[in-house]
Amino acid sequence: MDLVLHSVGGLSLDFSTLPQQLVNGLVVGAIYALIALGYTMVYGVLRLINFAHGEVFMLGAYTALLSSWVMGFTPDAISKAFKADHPLTSSPLNLVIMLLVAMAVCAIIGAIIEFFAYRPMRNQSRIAALITAIGVSLFLQYAGQLFLPANPPPSISQEVNPYQKVVSFVLSPAQMNAAGDVIKPQMDITVTVGKIVMLVTVVILMLALTYLVRYTKAGRAMRAASHDFDSASLMGINVNRVVTFTFMLGSALAGAGAMMLATFEGTAMHPFFGLQPGVKAFVAAVLGGIGNIPGAVLGGLLMGLAETLVTWIGFSQYKDAVAFVILILILLVRPGGLLGSNKVEKV
Amino acid sequence: MSLSKILGTRVLSVVLAIAFCFGLDAFVTGQLNEYVVRLVMLAGLYVTLSVSLNLINGITGQFSIGHAAFYMVGAYSAGIVSNAIYKTQPLAAPAYMIISMLIGAVFAAIAGLIVGMPSLRLKGDYLAIVTLGFGEIIRIIVLNQNQWGGSYGYAIAPKYQAGWLIWLLAIICIATCRNLLKSAHGLAFLAVREDEIAAQAMGVNVTKTKVVAFIVGAAFAGAAGALFGHMESFINPDLFKMEVSFLVLTMVVLGGSGSITGSVLAGATLFILPELPRIVSFKMSLGLLLSVLVGIGVLVWMNRKFMEKYHEPDKLKRTLVVAGANIGLAVLAVVVGKLLNNIPQFGTTTYDANKIRYMILAVVLLVIMLLKPTGLLGHHEFSWDWVKRVLNRNKAGEASA
Amino acid sequence: MKNGLLQLAACALAVASMSMFAGCKDDAAGGNTTGTSTGTAGSGSEQSGDTIKIGLVVSQNGELRPWGVDCEAGAKLAEKQINDAGGIGGKKVELLIGDSNSKPEEGKSAAAKLASENVIGMIGEVSSGITKQIKTVALEKGIPLVAVGATNPEITQEGQGLISRVCYTDDLQGPVMAVFAYDKGLRKVAIMTDQKQPYSTGLSKTFAEKFKALGGQIVAEEFYQSGENQFSGQLTRVKSKNPDGIFMSGYFTEVGPMARQIRQLGMDKAVLMGGDGWDSSDLVSSGGDAIVGGYFCNHYNDAEDRKEVKDFLEAFKANNNGNLPGTTMGALGYDAAMVVFDSLKRLAAASKEINSKNLAEEIMATENYPGVSGSITLKGTHGDPAKRALVVEVQKTAFVFNKAYEASEVMAR
């Protein structure tokens, strides 16, 4: 749409919206980071790119949707309640239930996928395992299209979300000249309470993950397995259990991300909607150094910020491309990702 | 082998290849069936794509998952040049198409060079993400060019559908890869795949080898893209999404990484597979579908157990037992499915073939990968010698047992 | 043999026996015709036998499936009604369905397959990009094509009297919304365009052109790609321009979440507007309170008090387990099929030979066919029906009719 762009002016840096855009980027990045953690943990232990992770994310969103329906928030019930003038209201408890159910179901799905598809591939070449992952992802997409409600693409209704209040933090008020024209627009950050809740939840989940990986027995086993799979099993670690645990953990995080995205942003679900967040998160994981847990978080946040800042400059149509360009440039400087180790192979 | 004999086989194979192309063309156009013509041509394109990706991925071991980008570069560049010059240049269509193919190949090769550069520094998954990113960047750039039709698409002037040219390209691609592998240069590619450092120590120019692999692979994909663009005469960025890259990668691995014949086989098969339900249409009830899916799951599990635990020396007996168990299970699955159909919801909901054709593709993919993770042909090439060797080995095995 | 070839072969054997066993007993299994073509290129197909075959290309798989299955259900309903009423001239009509998997390349394969089965007419696609590919097959084979939801103006150009559609074009829809916005007193409007969908880019373009010509101002245009979930970056830019209204030309799957996010950023005043991509029973669910009060341009309205609409919705419900069409494509698919069948009826009544050429002429001679989506006239319009467009308002429980526009009145502005 050249005609519109030119009239607006190509590059216009509006610093009054920068703080808002940074917050936007943070929110987008937090979701990427949650999904990227699943990629990176699985990779760390198995050296496998789990391409079906995006589909686990998709199933997580569907689980959240179905559990909200079970709790009585079906479209029919909502419109009936509206007509009867008793609009449904939700409590935070509903959200907690949805979150836990989505995480639990995703964890189970992750374990099932690992058992049926990846365990037999463990001693095979990595690329064969990757193709199996693509096969699983195709299967989940096309089976989902038969068995999941997708026509029309449903979404979690906003009545489920009790945190809809919009809050605005004014950083600097608008300045006007004597004639009353705005010479400097107001600089503020507007968010919903839901987004704050979402960010807090993401932080809590990440702290919990850090604790799990660092200070528990299971986490220690996981780290050992990721360091050296064979030695770990010699040390008496049940590596099968560790792998299953890793898959469950990563999938649960994806489920949490999916539930929050679907609830707070109103995403319309169809069986293919996991693909895009999945690929973005994969990119984020690689950017941070795949296999590295803090790296995945950093990569996710960076991806989110990069995308939003590209939009801020005024190139929303090139948003995805620029994100990739940044990624490639970073990888050229640091071939092992930001926090990844760049070991030179020795013979 | 004497020189004349070698020359003889060479000439013979060239003549045979050309005869095959024109024979195919004559057969296909004799059919007058638009659909078959189209399938044959698309299959040729996918064979070219998978064999050329095999050169990068399977033979040189560079993990590239952005092959659709080269395909796209070829299609768009050839199309843009054609639209600009076709009317003013003197060549007739077939001769011009060869030029157009070269144009597509050159532009794609330049793209291949650009992508190949990072491969000097990056390895494995990091390289994969760069190639994937490159594909997306190209697609998004084209998407934003209104002079090329943006998301709606770009019309390309001479519409030229030639099965023979497409298959000729495929055969040239196969021949190039095969001859490369048989030559001393080819060993360098294999060495880089197996161990980069060892290869370097042996004096292989790793940098050059990698970049050449990318350039050659990309050039063939670009030439295929040029033919595709002129065949469709209307292209849009949706045709070159990353799903296409994944599909081509799947073809390479399914055929057996590094095996050229495997790539050809898997390229043609995987492309035709989802088209089959169009030809043989059927309907399946929900009950039957579920029990067949579960049945296939059990089938895979059972066969894996056979592979691990069941070592019956008597070949015939083993084959019979395995086949019997499989057929028994299949019959059981169908019977259970029929029984399930008695449950109201399961029996009345039916799906026609069109709606489950991609699920079939996914299931076949998974079954093959789980039962034969090295791909259909493994690292082997299909040749009569290989078949003979396998048979002999089995005989020897029996004798020693 | 440890490498699994035996197991693979056994597995293939098992699957083969499974399919044979299932096939020979399953009463639902339908055989299929082998494509022995007799028609020569460019002349279309002759009809022989006692069924009249019409092809339908829809997305039964992939991202466009929600629209595809609606279109399929609508067209099948039309087929059923015609056959229940005795068929056409004593012959049954048969709808052969090809799946495009939401991909242009496969749409063309599906169309080629249908052409090889000697369909005399084709109906299809809901998306402009795929329709464009089907069109090339139709032109080559000389088979008339009635597009369902392809609103891109270029579709019917150079159609050789074969290509038509039952929906209006972006050339109408965009200007209608522009006039509506201007009449509502909006002067500064921002646009959100789905860069991936030709439908959306085309609609944004025609809207912007007309709105500027009327004297309005397009203060921002931001882009996204369908499949994205978070639009806060783009919307913050929109917000900084303080628009009176926001025109969102994409599909409801993205518009719903976007509407919520617009309100979340504190833009409470901006009027939300869009095209027929909004029409879905899920719009209010995904858009929530934010989308309520928005306006969009539609072909028809569920609540409309017209006989065609009421009859259609009732029949659709009865035929689809009590479900209403999820998107507007149910009605358009029905109309497209009905336009073809109606033309066939006229052919039969005039006892002309039923072939592609006559059918194409007859389709192009359609006059005032009372479709669900309004009266359809293709005579003298080069395949683009001059339809009226409705602007409806989104309310919590229904889409409420707001204003109707005739094409002539919009173009005159």
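Protein chains in written order, with this note's numbering: chain V, 1 to 347; chain U, 1001 to 1401; chain A, 2001 to 2413.
Beta carbons: idealized from backbone N, C-alpha and C, even for Gly.
- Annotation for ASP188 of chain V: no alpha helix (DSSP H) segment contains it, though the beta strand (DSSP E) segment containing it runs 187-192.
- Under the Cβ distance rule, ALA1323 of chain U counts among the residues neighbouring chain A, one pair being separated by less than 7 Å.
- Judged by their CB atoms, TYR2369 of chain A and VAL2340 of chain A are not nearer to each other than the 7 Å cut-off.
- The Cβ-Cβ distance between MET222 of chain V and VAL242 of chain V falls below 7 Å.
- Contact between THR2193 of chain A and SER2249 of chain A holds: CB atoms are separated by about 6 Å, below the 8 Å threshold.
- In summary, HIS2299 of chain A is buried, with 16 or more beta-carbon neighbours lying within 10 Å of its beta-carbon over all protein chains present.
- Using a CB distance cut-off of 7 Å, ALA61 of chain V does not count as an interface residue toward chain A.
- Inter-residue distance for PHE1382 of chain U and ARG1389 of chain U is about 11 Å (C-alpha atoms, whole angstroms).
- Exclusion of the five residues before and after ALA2112 of chain A leaves VAL2137 as the residues of its chain whose Cβ lies within less than 8 Å of its Cβ.
- Per DSSP, the beta-bridge partners of ALA2389 of chain A are A:TYR2405.
- Contact between GLY1061 of chain U and ARG1278 of chain U is ruled out by a C-beta separation of about 37 Å, above the 8 Å threshold.
- Annotation for ASN2319 of chain A: ALA2073, LYS2076, LEU2077, LYS2080 place their beta carbon closer than 8 Å to its own, counting only its chain and skipping 5 residues before and after.
- From the beta-carbon of PHE272 of chain V, the residues of chain A found nearer than 8 Å are GLY2062, GLU2063, GLY2227.
- For the 7 Å CB-CB criterion, ASN1236 of chain U and GLY1153 of chain U form a contact.
- Taking 7 Å as the cut-off, the Cβ atoms of ASP2244 of chain A and LEU2186 of chain A count as close.
- Contact annotation: in the region 125-146 of chain V, residues whose CB is within less than 8 Å of a CB in chain A are TYR142, GLN145.
- For GLN158 of chain V, no chain U residue has a C-beta closer than 8 Å to its own C-beta; the minimum C-beta separation is roughly 31 Å.
- Only exposed fits ARG2413 of chain A, as fewer than 16 other CB atoms lie within 10 angstroms of its CB.
- Per DSSP, reduced to three states, the secondary structure at THR2051 of chain A is strand.
- Proximity of PHE1240 of chain U to chain A, defined by a Cβ-Cβ separation below 7 Å, is not satisfied.
- DSSP places GLY2129 of chain A in the helix class (H, G or I) of the three-state scheme.
- Here the alpha carbon of GLY2159 of chain A sits roughly 14 Å from the alpha carbon of SER2128 of chain A.
- In the displayed model, CYS2167 of chain A falls within coil according to three-state DSSP, outside both helix and strand.
- At the C-beta level, LEU48 of chain V and ALA129 of chain V come within 7 Å of one another.
- The criterion of a C-beta distance shorter than 7 Å is not satisfied by VAL2166 of chain A and LEU2272 of chain A.
- The C-beta of ILE1360 of chain U comes no closer than 7 Å to any C-beta of chain A.
- Scanning its chain for C-beta atoms nearer than 6 Å, with the 5 sequence neighbours on each side dropped, one finds around LEU1132 of chain U the residues ILE1065, GLY1066, in chain order.
- For LYS195 of chain V, same chain residues with a beta-carbon under 7 Å away, outside a window of 5 residues either side, are VAL27, PHE264 in chain order.
- Looking at V:LEU302, V:PHE247, V:ALA321, the one whose alpha-carbon comes closest to that of ASN50 of chain V is V:PHE247.
- Residue pairing of VAL2271 of chain A in beta bridges, as defined by DSSP: A:GLY2245.
- Chain-order list of chain V residues neighbouring PHE1070 of chain U: empty, with the shortest C-beta distance near 16 Å, by a criterion of under 9 Å.
- Taking the CA atoms as reference points, GLN145 of chain V sits about 29 Å from LEU1045 of chain U.
- About 5 Å separates the beta carbon of LEU2359 of chain A from that of GLY2121 of chain A, a gap short enough to meet the 8 Å contact definition.
- Residue-level contact by beta carbon holds for GLY266 of chain V and chain A, with a gap shorter than 7 Å.
- By the neighbour-count definition (other C-beta atoms within 10 Å, threshold 16), GLY1324 of chain U is an exposed residue.
- In terms of Cβ geometry, GLN2261 of chain A and PHE2231 of chain A form a close pair [threshold 7 Å].
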